[in-house]
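Sequential numbering from 46 applies to the sequence shown in the working numbering.
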Amino acid sequence: MKTYNRISEIRLDIEAGAVSCVQLVQNYLQNIEGKKHLNAFLEVWAEEALLRAAEIDEKIKQGTAGRLAGVVIALKDVLAYKNHKVSSSSKILEGFESLYNSTVVERLLAEDAIFIGRTNCDEFAMGASNENSAFGPVKNAADESRVPGGSSGGSAVAVQANMCHCALGTDTGGSIRQPSAFTGIFGFKPTYGLISRWGLLAYASSFDQVGPMTKSLEDNMLLTEIMSGMDNHDATMLQQPSMKFTQPTSPKKAKFAVMNEAIHHPGVDKEVRENFQKLLDKLVSEGHEVTYFDFPLLEQMVPTYYVLTTAEASSNLSRYTGMLYGKRSENAHDLESTYVMSRTEGFGSEVKRRIMLGTFVLSSDQYDAYYNKAQKVRRVIQNQTNEVLADADAILIPTTSTPAFELGEKSKDPIAMYLADLFTVQANLAGNPAISLPLFETQAGLPIGIQLMGKSFKEQELFNLSQLLIETCKS
Ligand code: GLN
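Printed below as a string of structure tokens:
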């Protein structure tokens with residue numbers, strides 16, 4: 046079967062009778078089976094997806110199908126889908142099934158999307174390589190000795206290797222954009238508050254956002270549009286109806302801001318740097334403006350992110366006690382040992398490390414030195430980011446400093462792993478929207494992502510600028 050890069054192409058073929066929803070699902074199921082060794086899925090809902098596809102084929106015939114009829118989607122294993130398992134790739138949620146739908150799932154179902162399965166990820170979305178999953182790492186389909194990035198690594202590979210049409214990920218510090226960059230797809234983290242977090246298993250609530258991972262910009266826009274808009278279940282949301290996007294059009298003249306510290310950072314890979322420079326030169330030669338700014342706080346971003354997210358995680362994850370749901374240790378004999386042993390056996394080592402760090406920075410004698418201080422630094426980063434954006438259309442930066450690294454390369458060194466987030470955490474600290482575009486490849490064929498960070502709630506502008514970059518690279 047042909048590979049579809051756009052929902053609109055699927056739509057045309059369905060309308061012409063060239064393909065049916067059932068055939069599409071069968072094709073993806075075949076690919077999933079053939080590429081099992083990549084370990085992208087934790088569970089595949091084969092029978093159910095086929096049944097739903099048949100129902101939607103019927104709706105198409107009746108002319109009552111929604112905007113996502115024929116669109117087969119994979120869900121990162123952190124999103125509640127009623128009566129389906131969800132585990133955050135953790136043993137602590139063993140056997141747990143969602144009691145309700147997350148808002149994003151509800152909205153996609155209402156447009157007739159078909160969910161094909163839940164994808165592997167780093168445990169509780171904590172990681173940058175998918176190696177922290179309790180169910181084994183995921184392999185990058187571009188080079189199977191390499192990681193797909195994380196934490197939404199399974200979703201990224203599911204799209205990359207055509208095991209579904211598109212996928213949902215979540216992004217707390219880069220978890221949509223970094224794996225998208227490593228696998229050559231489009232990954233978007235919306236402005237904080239654009240998409241409901243209801244039904245998302247929390248990692249760090251003031252950072253987490255759900256977003257689409259797709260093979261085209263237009264699909265990313267459509268899914269964002271459908272998922273956006275107020276939801277009374279999430280008090281942090283923008284109180285406005287869903288966004289309406291129009292076809293992205295390249296602005297005639299745009300102004301991009303580039304961070305000096307980022308391009309001169311010693312950790313930036315040679316090929317990433319060269320391709321990025323090529324893009325800047327081309328933009329200038331086509332009459333666009335590229336300005337450079339200093340951002341001395343770059344080095345503080347990753348530490349600030351880790352103080353705040355681990356604090357929030359230690360609080361969010363305190364609900365997993367072995368009492369109400371999920372895993373309960375069989376070796377426990379009273380209340381305290383139920384808590385201690387269920388958590389000891391249920392959480393993996395990275396999650397434990399972060400719970401301990403978060404508990405430490407929140408403890409009464411450390412609170413001012415770490416948590417409070419980090420909150421203040423976050424505000425300064427936010428203000429400075431917005432000052433730069435007041436004078437430019439977007440901040441332009443490679444999504445990651447290197448292409449996908451080898452499996453095992455950084456897993457023994459948490460600090461090296463944390464630095465994989467160097468260029469992505471800014472958007473989460475500030476709350477701004479940011480997208481990773483698959484614009485280049487290394488000589489060896491590894492994808493390189495370029496990131497655009499835009500103004501809060503100005504997603505259409507960001508998509509227009511993305512279109513400009515895509516066209517600039519083609520020309
Ligand atoms: N890699 C980052 C971390 O380990 C980001 C994770 C995320 O965005 N969920 O926290």
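For every residue, glycine included, the Cβ atom is placed at its ideal position computed from N, Cα and C.
Is Y237 near the ligand GLN, with its Cβ less than 7 angstroms from a heavy atom?
Checking the Cβ of Y237 against the ligand GLN gives no.
I'd like to check one pair, N207 with N76: are the Cβ atoms closer than 8 angstroms?
Yes, Cβ-Cβ distance for N76 and N207 is below 8 angstroms.
Pull up the CB-CB distance for F24 and F508, whole angstroms please, since I reckon it's below 8 angstroms.
Residue 24 lies beyond the range of the chain shown here (46 to 520); nothing can be said about it.
Going along the chain, which unbroken runs of the alpha helix (DSSP H) with 4 or more residues stay wholly within the segment 98-174?
Taking only runs of at least 4 residues, the alpha helix (DSSP H) segments lying wholly in the segment 98-174 are 148-155.
Is S250 near the ligand GLN, with its Cβ less than 7 angstroms from a heavy atom?
No, since every heavy atom of the ligand GLN falls outside the 7 angstroms radius drawn around the Cβ of S250.
Taking Cβ positions, are F180 and L87 nearer each other than 8 angstroms?
Yes. Within cutoff.
Report the three-state DSSP secondary structure of D216 (helix, strand or coil).
The answer is strand: DSSP assigns D216 an E or B state.
Can the beta-carbon of S250 be found closer than 8 angstroms to that of S178?
No, the Cβ-Cβ distance between S250 and S178 is not below 8 angstroms.
Could you compute how far the alpha carbon of D58 sits from the alpha carbon of G115?
Approximately 10 angstroms, taken between the alpha carbons.
How far does the alpha helix (DSSP H) with V303 in it extend, from its first residue to its last?
First-last for V303: 300-304, but that is the beta strand (DSSP E), not the alpha helix (DSSP H).
Taking the alpha helix (DSSP H) that F508 falls in, what are its first and last residues?
Note, F508: alpha helix (DSSP H), 504-519.
Among D167, L153, F160, which has the Cα closest to the Cα of K136?
Among D167, L153, F160, the Cα nearest to that of K136 is on D167.
At a threshold of 7 angstroms, does M171 count as lining the ligand GLN (C-beta to nearest heavy atom)?
Checking the Cβ of M171 against the ligand GLN gives yes.
Pick helix, strand or coil for S387, following the three-state DSSP scheme.
Correct three-state label for S387: helix.
Entirely within the segment 194-273 and at least 3 residues each: give me those beta strand (DSSP E) ranges in chain order.
Entirely contained in the segment 194-273, the beta strand (DSSP E) runs reaching 3 residues are, in chain order, 211-216, 231-234, 254-259.
Tell me the residue span of the beta strand (DSSP E) that contains S479.
Sequence check: residue 479 is Ala here, not Ser. 479-486 is the span of the beta strand (DSSP E), which, as asked, contains A479.
Less than 7 angstroms between C-beta atoms, sequence neighbours within five positions excluded: which residues of the same chain meet that for A419?
Taken in chain order, the residues that qualify are T349, V352, L353.
Between the Cα of Q488 and those of P296, A187, D458, F233, spot the shortest distance and give me the residue it belongs to.
Ranking P296, A187, D458, F233 by Cα distance to Q488 puts A187 first.
Which ranges would you report for the beta strand (DSSP E) in the segment 324-350 if only whole runs of at least 3 residues count?
Fully enclosed beta strand (DSSP E) runs of 3 or longer: 334-338.
Thinking just about the alpha-carbon of each residue, which of L267, D413, V131, A472 is nearest to the one in A439?
It is A472 whose Cα lies nearest to the Cα of A439.
Report the residue from T294, P224, L154, L467 whose alpha carbon sits nearest the alpha carbon of Q345.
Among T294, P224, L154, L467, the Cα nearest to that of Q345 belongs to L467.
Could you name the residues of the same chain whose beta carbon sits closer than 6 angstroms to that of T259, not counting the 5 residues immediately before and after it, in chain order?
C211, F231, N265.
When every heavy atom of the ligand GLN is checked, does at least one fall within less than 7 angstroms of the C-beta of D216?
Yes.
From which residue to which residue does the alpha helix (DSSP H) around A461 run?
Note, A461: alpha helix (DSSP H), 459-463.
D466: beta carbon under 7 angstroms from a heavy atom of the ligand GLN?
Checking every heavy atom of the ligand GLN against the Cβ of D466, one is found closer than 7 angstroms.
Please report the straight-line C-alpha distance between D413 and T404, rounded to a whole angstrom.
Going by the C-alpha atoms only, they are around 13 angstroms apart.
Can we say the segment 274-291 touches the segment 226-244, given the rule of at least three CB pairs closer than 8 angstroms?
With a cut-off of 8 angstroms, the segment 226-244 and the segment 274-291 count as touching, because enough Cβ pairs lie within range.
Quick one: what's got a C-beta closer than 6 angstroms to S197's C-beta in the same chain, skipping five residues either side?
These residues qualify, in order along the chain: K121, C166, G214, S220, I221, P224.
Considering just the uninterrupted stretch of the alpha helix (DSSP H) at L57, what are its terminal residues?
Looking at the DSSP string, the run of the alpha helix (DSSP H) that includes L57 is 52-60.
If the criterion is Cβ atoms closer than 8 angstroms, does the pair F252 and N185 meet it?
Their beta carbons are not under 8 angstroms apart, which means F252 does not touch N185 by this criterion.
So, helix, strand or coil for D413, using DSSP?
It is helical.
Tell me the DSSP bridge mates of A377?
None; A377 has no bridge partner.
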